[in-house]
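> Residue numbers (this note's numbering): 680 to 894.
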Amino acid sequence: MAISLPNGTTYAVASAYGAAVNVTAASNAAECVLTTAANTLAVNDIVEFTSGWTRANLRLFRVKAASSTSATLEAFDTTSTKLFPAGGGAGSVRKISTWVPIPFMKSFEVSGGDPKYGTEEFIDYPDEIQVPNGFSASSVKMTIADDPSLPHNAVLQAATDAQAVTGVRAILPSGAPILYNGYPGFNPNPTMSKGQAMVVTCGLALQGRATRYAS
680 MAISLPNGTT YAVASAYGAA VNVTAASNAA ECVLTTAANT LAVNDIVEFT
730 SGWTRANLRL FRVKAASSTS ATLEAFDTTS TKLFPAGGGA GSVRKISTWV
780 PIPFMKSFEV SGGDPKYGTE EFIDYPDEIQ VPNGFSASSV KMTIADDPSL
830 PHNAVLQAAT DAQAVTGVRA ILPSGAPILY NGYPGFNPNP TMSKGQAMVV
880 TCGLALQGRA TRYAS
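1) Near Ile877, which residues of its chain fall below 8 Å by C-beta distance, leaving aside the five closest residues on each side in sequence?
2) Measure from the alpha carbon of Gly887 to the alpha carbon of each residue in Ala704, Ser683, Leu739 and Pro685, then state which is nearest.
3) Is it the case that the Cβ atoms of Asn866 and Thr845 are separated by a distance below 8 Å?
4) Assess contact between the region 708 to 725 and the region 747 to 762, defined as three or more Cβ pairs (one per stretch) separated by less than 8 Å. Is contact present?
5) Residue ranges of each beta strand (DSSP E) run of no fewer than 3 residues wholly in the region 767 to 816, ordered along the chain?
6) Report the partner residues of Phe740 according to the DSSP bridge assignment.
7) My understanding is that Glu710 touches Asn860, with C-beta atoms under 8 Å, so please give their C-beta distance in whole angstroms.
8) Would you tell me roughly how many angstroms separate the C-alpha atoms of Gly797 and Ser746, rounded to the nearest one?
9) What is the C-beta distance between Val742 and Asp724, in whole angstroms, given that I count them as a contact (C-beta under 8 Å)?
10) Are Ser771 and Val700 closer than 8 Å when you measure CB to CB?
11) Based on the DSSP output, what are the partners of Val700 in its beta bridges?
12) Does DSSP put Leu835 in a helix, a strand or coil?
13) Using only the alpha-carbon positions, how far apart do Tyr975 and Phe763 sit?
14) Could you tell me if Lys774 is buried or exposed, where buried requires 16 or more neighbouring beta carbons within 10 angstroms of its beta carbon?
15) When burial is assigned at 16 or more other CB atoms within 10 Å of the CB, is Ile802 buried or exposed?
16) Determine the DSSP secondary structure at Ala735, reduced to helix, strand or coil.
17) Cβ of Thr777 within 8 Å of Cβ of Ser706?
18) Which one of Pro856, Ser853, Ile850 and Tyr862 has the shortest CA to CA distance from Val834?
19) Measure the Cβ-Cβ separation of Thr890 and Gly864 and say whether it is below 8 Å.
20) If you run the structure through DSSP and keep just helix, strand and coil, what is Ala884?
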């Protein structure tokens, strides 16, 4: 069994995006291929996908292969036409062009995402039964050492004020990224306790599942 510690993980927030590129088709494949208008996407770019597929909409992905009119989303399996109806994935994609580091992260806590169940009972059956009913909403709470001179403060505040869906990236010590996308809620007022570092907090209400890569 592998045991991992988060020590050494680095964090960053998206501060600039490329222009949205129209996606005319998205394939049903082990790794989804987007057919796009002319683009300048490249391998390893991180992109936000706005899609007619609700399970893909507003998620972040890494580009595995690209041409001027296509992009392959790494490890995004869309083979199930039940989950990803054929012809339904069109939309747009935009590249995150600038990441601003968030240094001195005290904690990065994910909450929610728990399975939900609907409970039913029937006259002719003595026991209640439960059936799957999706998952609860997920969010992240970031606790960051207070230093208002650092640039991430302005980025998080601007995204909060604009109520703009914004990407956040964690890179584990192994080099593997985890990509989150959601609405930030930055509180610039520091918490102060005697003998402890002042900290500020920022929430992130996730708008889709995080995307995790093994390397």
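Cβ coordinates follow ideal geometry from the N, Cα and C atoms, glycine included.
In this structure, then:
1) For the record, residue 877 in the displayed sequence is Met; it is not Ile. These residues qualify, in order along the chain: Ala824, Asp825, Pro869, Thr870 and Met871.
2) Leu739
3) no
4) yes
5) Complete beta strand (DSSP E) runs here, min 3: 770 to 780, 784 to 791, 794 to 801 and 804 to 814.
6) Val726
7) In fact, because the Cβ distance is near 20 Å, the residues do not count as touching under 8 Å.
8) 45 Å
9) 4 Å
10) yes
11) Val772
12) helix
13) No statement about residue 975 is possible, as the shown extent of the chain runs from 680 to 894 and does not include it.
14) Using a 10 angstroms sphere on the CB of Lys774, the tally of other CB atoms reaches 16 or more, which defines it as buried.
15) exposed
16) coil
17) no
18) Tyr862
19) no
20) Strand.
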